[in-house]
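> My questions will all concern the structure given below.
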Ligand code: NAD
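Residue numbers (my numbering): 9 to 297.
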């Protein structure tokens, strides 16, 4: 299949490379010259513009910073696409902008699924991302050969926008549990517990969770967690802040009184203005000590 790939950043660069490995012809575009050159080294054909990438493509995949950039890219490229082209957006945009994008693509006579991802840069490189898909069953079936080389798991979450809904609900829950795990460790320290003793209890009790057992915010109990390398790598605080801002916009729109979510979102807004913006979001523990 001939695929246009727009946005060759941290995620998109690896995803485009995996599509090439999967046997597709990939024509890529990013305004940053070095990113286009890096993609070419992985077998991607570089285009001079997003529109040039889309001409002749059967599917258009995007990995862009946010939904507003997505809408402006779609405005530019939609007229250049062949009728019925499938547009797959893997950016995190929030449900509202995914609905707008779906409407824009539909009005131009094309197909759209929102397919945000989790798994981070590591999952993008390994081709093991989880895709949360919103859109029709038929469009998802068309998308599968494109998603497969990039995916570990594909979950159909329902109609357009539901992929984004799942992504935001998941990351809201994740942020809340990460803050809870941090508070429990620091309280334990203040009460004289060693981190290992608390971990041994919590990781085998009803408090088990990913934020504890994979992303453990203290060094030692889980040697692979970012806390063991001064919070380098992992899922950046700045990206968590972006996702929580989108989630809280949906909370406000829905009228839900999400008090814990609001508090955790404010904590991450503050942390994203510190030296921890580029660190893993489990670095929230440093603000508690
Ligand atoms: P990134 O900033 O590295 O990549 C985005 C790319 O889009 C950049 O290379 C930028 O030059 C390009 N771009 C900007 N405007 C453009 C335009 N008009 N036309 C074409 N390209 C344009 O970001 P990323 O970390 O790769 O994330 C991409 C998306 O995936 C975001 O929506 C992010 O929230 C989401 N996401 C990221 C992660 C992660 O761990 N990095 C995890 C899950 C989801």
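Even for Gly, the Cβ is constructed at its ideal location relative to N, Cα and C.
Is residue 226 helix, strand or coil by DSSP?
Three-state result, residue 226: coil.
> Does the distance from the CB of residue 63 to the CB of residue 88 come in under 8 Å?
yes
> Check whether the Cβ of residue 100 sits closer than 7 Å to any heavy atom of the ligand NAD, and report yes or no.
Yes, the Cβ of residue 100 comes within 7 Å of a heavy atom of the ligand NAD.
> Of the residues 106, 72 and 120, which one's Cα is nearest the Cα of residue 91?
120
> Who are residue 33's beta bridge partners in DSSP?
10
> Per DSSP, what kind of secondary structure is residue 165 in: helix, strand or coil?
strand
> Could you compute how far the alpha carbon of residue 97 sits from the alpha carbon of residue 271?
If I take the Cα positions, the gap works out to 30 Å.
> Given a threshold of 16 other Cβ atoms within 10 Å of its Cβ, counted over all protein chains shown, does residue 58 qualify as buried or as exposed?
buried
> Would you mind giving the Cβ-Cβ distance between residue 27 and residue 13, rounded to the nearest angstrom? I have them listed as a contact below 8 Å.
7 Å
> Quick check on the burial criterion: 16 or more other C-beta atoms within 10 angstroms. Buried or exposed for residue 175?
buried
> Over the uninterrupted beta strand (DSSP E) stretch that includes residue 68, give me the two end residues.
That run of the beta strand (DSSP E) goes 67-70.
> Among residues of its own chain, excluding the 5 on either side of residue 43, which ones have a beta-carbon nearer than 7 Å to its beta-carbon?
16, 17 and 21
> Is any heavy atom of the ligand NAD found at a distance shorter than 7 Å from the C-beta of residue 16?
yes
> Between the region 162-172 and the region 184-204, can you find at least three pairs of beta-carbon atoms closer than 8 Å?
no
> Could you work out which residue in 45, 24 and 75 is closest to residue 68 when comparing CA atoms only?
24
> The ligand NAD heavy atoms versus the CB of residue 74: any closer than 7 Å?
True, at least one ligand heavy atom lies under 7 Å from that Cβ.
> When DSSP labels each residue in this structure, what does residue 159 get in the three-state scheme?
strand
> For residue 161, which of 179, 185 and 134 has the nearest alpha-carbon?
Distance check between residue 161 and each of 179, 185 and 134 places 134 closest, using alpha-carbon atoms only.
> For the ligand NAD, I want to know if residue 39 counts as a neighbour, meaning its beta carbon is within less than 7 Å of at least one of the ligand's heavy atoms.
yes
> Verify whether the separation of the beta carbon atoms of residue 79 and residue 112 is less than 8 Å.
In terms of Cβ geometry, residue 79 and residue 112 form a close pair [threshold 8 Å].
> Evaluate the contact criterion for the region 266-280 versus the region 240-247: three or more CB pairs, one atom per stretch, below 8 Å.
yes
> Nearer than 7 Å: is that true of the beta carbon of residue 43 relative to any heavy atom of the ligand NAD?
For residue 43, the Cβ falls inside the 7 Å cut-off from some heavy atom of the ligand NAD.
> For residue 126, does the three-state DSSP call read helix, strand or coil?
In this structure, residue 126 counts as strand in the three-state DSSP scheme.
> Write down every uninterrupted run of the alpha helix (DSSP H) in the region 84-119 whose length is 4 residues or greater and which is fully enclosed by it, in chain order.
103-115
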